[in-house]
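Quick notes on the structure that follows.
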Amino acid sequence: MTKSDLRIENHLMYIPKKCMSSGKIIGPNDHGSVQIQIAKIDSETGVMTDGRNTVSICGQIRLRGGSDEAVNKICCDSGVLNKSILE
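Numbering (my numbering), first residue to last: 132 to 218.
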């Protein structure tokens, strides 16, 4: 393996994520960020399907204590969570 191959391989290891609440890019040093995968459920049988919804929240939102509200809003917008549950 040449030096340029190692650089390319190291570059491909980091894939930047974007905070779904604030829209900011989550940097590699944001150790307070979380990525949650929510399983999709079949409405008739109640069994988990192969699909998942991924929610990424940056450390700034979590530091302010807004991650619960942000995840609930994202789940309501994507149809995973019923809005009447939050009221």
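C-beta: ideal position from N, C-alpha, C; glycine also. Model, not experiment: these values are computed from the prediction.
Runs of the beta strand (DSSP E) lying entirely within the region 150-200, each at least 3 residues long, are 165-172, 179-188 in chain order. Annotation for residue 192: 150, 152, 153, 198, 201 place their beta carbon closer than 7 angstroms to its own, counting only its chain and skipping 5 residues before and after. Beta-bridge analysis with DSSP links residue 214 to no other residue. Cβ neighbours of residue 189 within its own chain (closer than 7 angstroms, five residues either side excluded): 150, 153, 155, 157, 161, 164. In the assembly as shown, residue 178 is an exposed residue. Its beta-carbon has fewer than 16 other beta-carbons within 10 Å.
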